[in-house]
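**Q**
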Amino acid sequence: MLYLGAVMHDLGLTERFGGEQRFEVDGADAARAFVLKHGLSDEKAEIVWDAIALHTS
């Protein structure tokens with residue numbers, strides 16, 4: 013989960029995944045969707061989301 017959070021951290025800075033929210037939240041949303049699509053559990057997807065979206069909080 014740490015690796016995925018680190019690798020996907022800046023997704024929200026890209027044109028494809030950037031949106032109206034803070035870039036961390038946009039990136040976390042994209043990362044959660046990706047890991048769920050590739051078979052991770054909801055619990056693990058939430059850990060990845062938290063690691064990206066909340067690391068500065």
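Numbering (our numbering), first residue to last: 13 to 69. All residues carry an ideal CB built from backbone N, CA and C; glycine is no exception.
#1: Within the same chain, show all residues whose beta-carbon is closer than 7 angstroms to that of Gly-17, passing over the 5 residues directly before and after it, in chain order.
#2: Tell me, to the nearest whole angstrom, how far the beta carbon of Lys-49 is from that of Met-13; I am working on the premise that it is less than 8 angstroms.
#3: In terms of residues, what are the limits of the alpha helix (DSSP H) holding Asp-22?
#4: Just mark Gly-24 as buried or exposed, buried being the case when its beta carbon has 16 or more other beta carbons within 10 Å.
#5: Give me the residue from Val-47, Asp-54, Val-19, Arg-34 with the minimum Cα distance to Leu-66.
#6: With 16 as the cutoff for other CB atoms within 10 Å, does Asp-54 come out buried or exposed?
**A** On the basis of the supplied data:
#1: Here residue 17 is taken as the residue at index 5 of the sequence shown, counted from 1. So the list reads Val-60, Ala-63, Ile-64, once near-sequence residues are dropped.
#2: Here residue 49 corresponds to residue number 37 of the sequence shown, with the count starting at 1. Here residue 13 corresponds to residue number 1 of the sequence shown, with the count starting at 1. Not quite, the Cβ-Cβ distance comes to about 16 angstroms (not below 8 angstroms), so this is no contact.
#3: Residue numbering aside, residue 22 sits at position 10 when the sequence shown is read from its first letter. In the DSSP assignment, Asp-22 falls outside any alpha helix (DSSP H), carrying neither H nor E.
#4: In the sequence shown, residue 24 corresponds to position 12, counting from 1. With 16 or more neighbouring CB atoms inside 10 Å of its own CB, Gly-24 falls in the buried class.
#5: One-based indexing of the sequence shown puts residue 66 at position 54. If we check each option's Cα against that of Leu-66, Arg-34 comes out closest.
#6: In the sequence shown, counting from the first residue as 1, residue 54 sits at position 42. Label assigned to Asp-54: exposed.
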